[in-house]
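*Asks:* As you go down the protein sequences, you meet chains A and B in turn. With the first letter of the first sequence counted as 1, position 362 gets the number 556 in the working numbering; the numbers rise by one all the way through. With the first letter of the second sequence counted as 1, position 56 gets the number 73 in the working numbering; the numbers rise by one all the way through.
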Amino acid sequence: MNKKNNSKDYTKVAITIDLGTSCQKGIAQIYPDGVPIVLAMEPEIADLGVESIEYLSNQLVQDTTVWIGIGSEYYVLGALAKSMFAGTSAIRDLKYQYALPKVAAMLWLAIRRLGVKNPDIELYVHLLLPVGEASDGQTLRAKLAQNLKTGIITPTGRLKAKLRSFDVSPEGAGIMAYRSRNVNINYFQKSIGMLMLGYRNASFILSHKGNAIKAESTDLGMNWVVHQFVERTAVGLSKDDLRLISALAETTNNNFDALRFLSRKTKIEEINADVELFCRILPIVRKEYCRALWRWLRNIALMDEILVCGGTASFVRQELTEHFDGEGIPICWNGGMELPKYLDTMGLGDRIADAWASHISHIKFLDHELSYDRQDKPLVPDYYVQPFKSSKPDMEIWQRNGYITTSQK
Amino acid sequence: MAEIEQIRVSIKRPKDSLDGKVVGYIRSNPFGLEADYSQVITATLKNHWLPLALFSSGLRGEELRQIGIWAISQLEAQISMIRRTCGIAPDPLVVTSNISMQASNIVASDSLSVLGITSGNGQISSTDEEDEDDDDNDEFLDSQNYQEMTDIKRMFGWDKP
């Protein structure tokens, strides 16, 4: 019951956040009928002294770099965190530890990219955490709500908002929900497996009649593949080379050119020799990766269906398909979900599938709670063209360079 | 009598360079318009930069919008002339001004604007704390009441509320 009706006209922002370890992803929209946009930020984070912020505030505001002040703690996130402050993606720490500043940074990015000018904002946040990091999110919710009330310091000022909902779900839940809604079998009466192959690790969940009977994680993620590839080739590749993952992923499309750029040699014959080596080692590493996966997945009970998702899955798509075909288990990629044609995935493609599916769940939840009748309208209309993203940064660069000397002060 | 302050632009380029060729072309009285070539040059500059120049000198609101519309029309006309001359079919993916206006209306009720970033006192949200203390919790949405989410979480072993 409303004690008093708010006279203020709030802009509602709904956001679903996946704090991935290779890339932080988010889907944000103005609720109820704004078109969702994809947000992506590099995962690095570093804590800073307040004196470093002074330096950063004089830098150009860019979407790839965010700094955030929470209470007396300051953090820089994104590209700059890595290059300048030796930040880490906190790959060994629990994702939860840096969750607050990371969520705050994504909120800032969302409000900025959505172009919200109304100072009165209501936030509806849905956060995805790894299966093994089950949490009711109450602590995080309370901290976030409190800080949004007093104001989170950002490059464009103090971010204040009302936190109207905050929910934490396991990664993969969105895809599971999507599939359960769109398939003719009762998911809650069957044995359903879910295999998630991410950057950091692999997780397997087995649900029988609606209850988890197995939920396991291992470090068999893409960084296992990268590590093995670097070790085996032994030609001075760096595990931290960001191009490595995309180059390895490209080979699944039979594009081996990307491997060429990994070589650190200068002479053309030596580069060719490196590429030959890469092409020889890669199938071996891929096979070993699969063998390790099967070893880990041995003793799997019979399943009515297995859902496969995660950015690493496409790297071994063929092997996975053959394997589960051999076991007689129907396999379903990304819950059979297709991303909307006009959703600009910022080049992340299927890597945002889970975030997108979770966002659909999020919006369904909000529609239910706020009694909004969507009338089966899609979130991203079929005729939709994403507006140019670059317009705002351009303006700022021009201002910074003095082409536009704005008289606002 | 006060003299009007003048601004002088003088640019020198090798005749064979691309810059030189462009100026040469404009001087050659293309399309037989008989426009003075310095006028063509300033007109070109205005099409491209006038809205930004006026924005920079403080112009806002409807006047700025009108100037923007004029400049965009000029540039669109030029685009269509280049297309015809060079035989380039319109690219269906290019966002023309009408569509992008429509698109940003979909994204946000307010259209994107640089003013949104720079205006105000550096505070994104100005909600006053004093007037909201009492209604903070009564509108919080809890997903525990939403069956689908609890069902799915249970499949992942997240049974706790």
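Even for Gly, the Cβ is constructed at its ideal location relative to N, Cα and C.
Name the DSSP beta bridge partners of T205/A, please?
*Replies:* DSSP output for T205/A lists I315/A as bridge partner(s).
*Asks:* Is there at least one non-hydrogen atom of the ligand GTP closer than 8 Å to the beta-carbon of G37/B?
*Replies:* The ligand GTP is not part of the structure shown, which contains no ligands of any sort.
*Asks:* Note down the Cα distance separating S554/A from L274/A, rounded to an integer number of angstroms.
*Replies:* One point to set straight first is that residue 554/A is Ile, not Ser, in the sequence displayed. Rounded to the nearest angstrom, the two C-alpha atoms are 32 Å apart.
*Asks:* Can you tell me where the alpha helix (DSSP H) holding T167/B begins and where it ends?
*Replies:* 164–172 is the extent of the alpha helix (DSSP H) around T167/B.
*Asks:* Going by Cα to Cα distance, which pick from P313/A, I546/A, L560/A is closest to I187/A?
*Replies:* One cannot answer for residue 187/A here, as it falls past the ends of chain A, which runs 195 to 603.
*Asks:* Am I right that L318/A and Y225/A are in contact with their C-beta atoms under 8 Å? What's the rounded C-beta distance?
*Replies:* Before going on, a small fix: residue 318/A reads as Tyr here, not Leu. That belief holds up - the Cβ atoms of Y318/A and Y225/A are roughly 6 Å apart, short of 8 Å.
*Asks:* Quick check: V260/A and V244/A, are their CB atoms within less than 9 Å of each other?
*Replies:* Not in contact: V260/A and V244/A (Cβ atoms no closer than 9 Å).
*Asks:* Determine the extent of the alpha helix (DSSP H) in which L400/A is found, giving its start and end residues.
*Replies:* Per DSSP, L400/A belongs to no alpha helix (DSSP H); it is in the beta strand (DSSP E), 396–402.
*Asks:* Could you say which of N448/A, N380/A, Q218/A lies nearest to Q512/A if we only look at CA atoms?
*Replies:* Out of N448/A, N380/A, Q218/A, N448/A has the C-alpha closest to the C-alpha of Q512/A.
*Asks:* Return no unless some Cβ of chain A is closer than 9 Å to the Cβ of G174/B.
*Replies:* So yes, G174/B belongs to the interface.
*Asks:* Identify the contact partners of E563/A in chain B, using a Cβ-Cβ distance below 9 Å as the criterion.
*Replies:* Those within 9 Å of E563/A in chain B are L158, D159, S160, N162, Y163.
*Asks:* Looking at the structure shown, is E499/A part of a helix, part of a strand, or coil, going by DSSP?
*Replies:* Three-state result, E499/A: strand.
*Asks:* Any idea what DSSP makes of M540/A, helix, strand or coil?
*Replies:* In the structure shown, M540/A sits in coil (DSSP, three-state: anything other than H, G, I, E or B).
*Asks:* Specify whether the stretch 451–464 of chain A and the stretch 517–535 of chain A touch according to this definition: at least 3 beta carbon pairs, one from each stretch, less than 8 Å apart.
*Replies:* No, the stretch 451–464 of chain A does not touch the stretch 517–535 of chain A.
*Asks:* Output the residue ranges of the alpha helix (DSSP H) runs that lie fully inside the stretch 19–47 of chain B and measure 4 residues or longer, sorted by chain position.
*Replies:* With a minimum length of 4 residues, the continuous alpha helix (DSSP H) runs that stay inside the stretch 19–47 of chain B are 35–44.
*Asks:* Check T350/A in the structure and name its three-state DSSP category.
*Replies:* In the structure shown, T350/A sits in coil (DSSP, three-state: anything other than H, G, I, E or B).
*Asks:* What residue ranges within the stretch 401–478 of chain A form continuous alpha helix (DSSP H) runs of no fewer than 4 residues, ordered along the chain?
*Replies:* Qualifying alpha helix (DSSP H) stretches, in chain order: 416–427, 436–444, 451–454.
*Asks:* Among I347/A, I346/A, A452/A, L213/A, which residue has its Cα nearest to the Cα of V325/A?
*Replies:* The shortest C-alpha separation from V325/A is found at L213/A.
*Asks:* Evaluate G272/A with the Cβ neighbour count: other Cβ atoms within 10 Å of its Cβ, from every protein chain shown; 16 or more gives buried, anything less gives exposed.
*Replies:* Buried, since its Cβ has 16 or more Cβ neighbours within 10 Å.
*Asks:* Let's test the definition: count the other Cβ atoms within 10 Å of the Cβ of T144/B and tell me whether it reaches 16, buried, or not, exposed.
*Replies:* The predicted model places T144/B with a pLDDT of 43, which falls under 50 and marks its position as unreliable, so this point remains unresolved.
*Asks:* Output the distance between the C-alpha atoms of I369/A and Q422/A, rounded to the nearest integer angstrom.
*Replies:* Computed Cα separation, rounded: 30 Å.
*Asks:* If the criterion is Cβ atoms closer than 9 Å, does the pair A367/A and K170/B meet it?
*Replies:* Cβ atoms of A367/A and K170/B: closer than 9 Å.
*Asks:* Can you give the Cα-Cα distance for L438/A and L496/A, rounded to whole angstroms?
*Replies:* Cα-Cα distance, rounded: 36 Å.
*Asks:* Is it the case that the stretch 409–419 of chain A contacts the stretch 380–397 of chain A, given that we only count it when at least three CB pairs across the two stretches are under 8 Å?
*Replies:* Cβ pair count under 8 Å is three or more, so yes.
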